[in-house]
Each structure stands twice: as C-alpha cells, then as structure tokens.
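Undergrad: Add 38 to a position in the sequence shown, counting from 1, and you land on the number used in the working numbering.
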Amino acid sequence: MKSRKDHYQKIVQDGFRLLEEQMAYSQAIVCKKMDALGMGIATATLSNIINETRAVGKESLYKAGEAMLQIVESELGYRYDEKMQAFVEMSKPPDWTPLIISIDADESQLIFHQEGRLSIPYKVAFLQKAQKEIIEFGVRLNAFSQYFITRSSHEFRDPMEALLEKGVNFKLYLLNPEHNAARFYFEDRAKVQEDEAKSIARIREVIEQLRQIQAELNLLSYRGKFEVFKYDHVPYCHFLIVDGETQNGRLMVSPYLYGIRRADCPVVEISKSSQRSLYRRYWLSFKASVEGALPI
C-alpha cells in the first residue's frame, strides 16, 4: 500500500506529464500556476518530485499534490481516481470549457486608480480576461447601457458579444427603483448633488434599455447568458468582477463617496491570487449586496 508521500508524488508526476503533453507546459509554468493557487513551491522542488532526484518534505509534497489536482481538473478536465491511481477524464457537459489558471504578471500588485472611472479600452481589456463570468454591480448602470447604445460597436459591444459567443455569462445588478432603499439613497444624495433627484426616473429608463439589449442578444443565441437583476439594498460600492468564484478571480471596486460623483470615486483593482484576504472581504460584501435580487 502506498504511503501518503508516495500518493502525492504520483499525482504530481502523472499530472505534470499530462500538462506537458497536452499543454506543453514547462516545470516553471506549472510552478507559477501553483503559486497563483496559493500553494507555491520552488521549481527545484518540483523537479525533485518529478524526477525523484532528492527527497522532498511532506509539506511540499502535499502542497504540490493538491495544487496539481486543481490545475489538471481546471485546465484539462481530469480527476484523480484513487482506486485506479491515475487521472481519468471527467464526464463533462457539452458547454464545458477549461479554466486556465492565470499567471499574468500584472495581477501581482494592488492597483489604485485615483482618477475614478476607467476608460473604455481599459475596461474592455479587463473584461476580456474572463473565461466564465462577468458581473457588474452599480446604482444605475447608465454607463454600461450607454456604451452599448451610443458608442461605436467595435469600441464596446463587439468585444462583449465575442465574450458571450465564447460562453462567458454576464450578470448585471442595478438598484430597484421601486424600493424604499432607492428613495432614501437618492433623497439623501440630492441634498449635496441636485441631479441625484432624477436618478429613479433614469434607472427606469436604463431598465428598458437593458431589456432591449437583452432581447437583441437573445436572438443571436450566444453560448453565454446575459442577465439583469434588481437589488433592494443601499449601495456602498460599484463592483466589476471577472470569474469571481474561481481561482482567477479579479475585481474592481469603487466606494461611493458622499458628495462626490460616482464616476469620480477612486477605483481599486484586486486579484484573488495575490490579495486573498482583501479579495474575500469585497467578494462577501458583493454577495450580501445582491441577496434577494430579482431578474428584471
């Protein structure tokens, strides 16, 4: 009977062979992916596990084994069968797509955008990294609807439709204009920003615009879904989230500062792989904010 150390050593060896054969990954790339998962080991340590050149400690073997299980399942669709002691291909739905563990260098740091709302090209580049899901949570979603309607197609709509065609799902959340939270929120903000008094009417207009966009996209039968929801809580932040629940999760968050236009509020860019604790706090806040949200 194999020991626990032998068990994990075989997982790492077999997993690396699969990744090498099917993805042409080097040991260095696999190490970076393990690090992105929060279970990094040195490249020399991975080499020792694969080639059995030197003994490796239990902790490093465990981390490498658990990381390898995640990488192979996520990117290749294989799971390790304990009885067979081998990786076997999973039964996958027709729309299954691999989730590639991101090792982009630009995700290693917290990015602070003090100027506020980002340019369309920057936003598009951020969203184009999505493999599974895009979420936007805001108050009116006026900018999103206007990007679709008033900007040239190649600037925003075409890249978004390309993501839908690839199978990326969109979930949009705006404040329910009929709920007391909206009345309280805008009456209070209108005390220092008069134009906020018109926001409830504007949300109703945006809802109709988003319904029209949704109907147009549905006719194209893309693999990805385009959904719009109304929430009932007082909004505290704007969220733009890419693949939020995955290991590749990335988000932009902009706190709503009282007396400051929402477009001028600073934006913080956070990746799950390098700021796990901070990312989790914002992710939990987003989840609480959309609790009970209903489709339009």
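Where is the CB? At the ideal position from N, CA and C, for every residue including glycine.
Can you list, in chain order, the residues of its chain with a C-beta nearer than 6 Å to that of M39? Leave out the 5 residues immediately preceding and following it.
TA: Here residue 39 is taken as the residue at index 1 of the sequence shown, counted from 1. Because M39 sits at a pLDDT of 49, beneath the cut-off of 50, its placement in the model cannot be relied upon, and the following sentence gives the value as read from the coordinates. Same-chain partners within the cutoff: there are none.
Undergrad: Give the list of continuous beta strand (DSSP E) stretches no shorter than 3 residues that lie fully inside the region 217-284.
TA: Entirely contained in the region 217-284, the beta strand (DSSP E) runs reaching 3 residues are, in chain order, 264-269, 275-280.
Undergrad: Thinking C-alpha only, which one of I308, R242, Y223, L212 is nearest E265?
TA: Mapped onto the sequence shown, residue 265 falls at position 227. Measuring from the Cα of E265, the nearest candidate turns out to be L212.
Undergrad: I need the straight-line Cα distance from S341 to K236, nearest angstrom please.
TA: Here the chain comprises residues numbered 39 to 334, so residue 341 is not present and cannot be evaluated.
Undergrad: Using a 10 Å radius around the Cβ and a threshold of 16 neighbouring Cβ atoms, would you call A326 buried or exposed?
TA: Here residue 326 refers to the residue found at position 288 when the sequence shown is read from its first residue. The residue in question, A326, is exposed, as its Cβ has fewer than 16 Cβ neighbours within 10 Å.
Undergrad: Output the boundary residues of the beta strand (DSSP E) element that contains V126.
TA: Residue numbering aside, residue 126 sits at position 88 when the sequence shown is read from its first letter. Here the beta strand (DSSP E) through V126 covers 124-127.
Undergrad: Name the one or two DSSP bridge partners that K209 has.
TA: Locating residue 209 in the sequence shown gives position 171, counting from the first residue. In the DSSP output, where bridge partners are listed per residue, K209 has I173, E265.
Undergrad: How about R240 and Y296: are their beta carbons less than 9 Å apart?
TA: The residue you call residue 240 lines up with position 202 of the sequence shown. The residue you call residue 296 lines up with position 258 of the sequence shown. Cβ atoms of R240 and Y296: not closer than 9 Å.
Undergrad: Rounded to whole angstroms, what is the Cα-Cα separation between L316 and I141?
TA: The sequence position of residue 316 within the sequence shown is 278, counting from 1. The sequence position of residue 141 within the sequence shown is 103, counting from 1. So the two alpha carbons sit approximately 19 Å from each other.
Undergrad: Could you have a look at M39 and say whether DSSP puts it in helix, strand or coil?
TA: Counting from one through the sequence shown, the residue named residue 39 turns up at place 1. Residue confidence for M39 is low, a pLDDT of 49 falling below 50, so the modelled location carries little weight; the figure read from the coordinates is stated next. Coil, per DSSP.
Undergrad: Since G154 and D302 should fall inside the 8 Å C-beta cutoff, what is the C-beta to C-beta distance between them, to a whole number of angstroms?
TA: As a first step, residue 154 is located in the sequence shown; it is residue number 116 there, counting from the start. As a first step, residue 302 is located in the sequence shown; it is residue number 264 there, counting from the start. Confirmed, about 4 Å.
Undergrad: Near I245, what residues of its chain come up, given a Cβ to Cβ distance below 6 Å and the 5 sequence neighbours on each side ignored?
TA: As a first step, residue 245 is located in the sequence shown; it is residue number 207 there, counting from the start. So the list reads I334, once near-sequence residues are dropped.
Undergrad: Need the endpoints of the beta strand (DSSP E) that F194 sits in, please.
TA: Stepping through the sequence shown from its first residue, residue 194 is reached at position 156. Run containing F194: none; DSSP gives neither H nor E here.
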